[in-house]
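**Student:** Position one of the sequence shown corresponds to residue 1 (UniProt numbering), numbered consecutively onward. Ideal Cβ positions, reconstructed from N, Cα and C, are used throughout, including at glycine. Before I ask anything, here is the structure I am working with.
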Amino acid sequence: MEKVETYKQQPPPQQQQQPPPPQQLTMLPLVVNCITTPDKLIKHDRDKLINEKTDVKWPVKCRISRKERREQLNAQMRRLVRPKSSLMVFSELFKNVQINLQEHPLHNVMSYTAILEIDGLRYYGNDISTTQAKQKACEEFLRIMLTKKLSEEFEVKEKSPMNVEMEVGENGSVSKPKGPP
């Protein structure tokens, strides 16, 4: 008899388990000493297993007193409503114009004069602090500039009174004025 070699059938090679598709991944909360299951959270404390609800308890909101709330709102409104200073407006409009300062000592008190020159016109501001002197000079400039602009607009309106002619419709009704409003 011939000797026949027999081979043991080897099991198929083990395949690595594939991770679930990304849409099936669920993030469970990270908890120390706990075992998580989809429906329960089981707290593991050495030999004891304790079941707990998975409901999330939100912290209780503190009730703010009316006085504190009013103070917060007032502070917020002050920040919103506070207008820009004249110095800030001037520096935004005219970035390259310098404001010159002169010092004047008077009875142990230093006084400052800010001089601002635009289009050949000089604007002055006097005060005991440099920033206040600059601010007063800018206020004077902006006040004069605003009055000039307003008077120019008023003169333009005076010179060109509008000729309002009405268009007459087919049936004799007046529909709308001709020309600019």
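#1: Counting pairs of beta carbons, one from the region 86-95 and one from the region 131-142, are three or more of them closer than 8 Å?
#2: Are there 16 or more other CB atoms within 10 angstroms of the CB of residue 25, so buried, or fewer, so exposed?
#3: State the CB to CB distance for the pair residue 133 and residue 101, rounded to an integer number of angstroms; the pair is presumed to be in contact (CB under 8 Å).
#4: Taking the alpha-carbon of residue 112 as reference, which of 92, 99, 66, 81 has the nearest alpha-carbon?
#5: Indicate the three-state DSSP secondary structure (helix, strand or coil) for residue 60 in the structure shown.
#6: When we look at the beta-carbon of residue 125 and count the other beta-carbons within 10 Å, is it buried (16 or more) or exposed?
#7: Find out if the Cβ-Cβ distance for the pair residue 117, residue 110 is shorter than 8 Å.
#8: Roughly how many whole angstroms lie between the Cα atoms of residue 156 and residue 145?
#9: Please report the residue range of the alpha helix (DSSP H) in which residue 109 lies.
#10: Between residue 81 and residue 73, what straight-line distance do the alpha-carbon atoms span, to the nearest angstrom?
**Tutor:** Let me lay it out:
#1: The region 131-142 and the region 86-95 touch, with three or more beta-carbon pairs separated by less than 8 Å.
#2: Its pLDDT being 47, under 50, residue 25 is placed unreliably by the model, and the measurement read from it follows with that caveat. Exposed, by the Cβ-count rule.
#3: 7 Å
#4: 99
#5: coil
#6: buried
#7: no
#8: 17 Å
#9: Per DSSP, residue 109 belongs to no alpha helix (DSSP H); it is in the beta strand (DSSP E), 109-118.
#10: 12 Å
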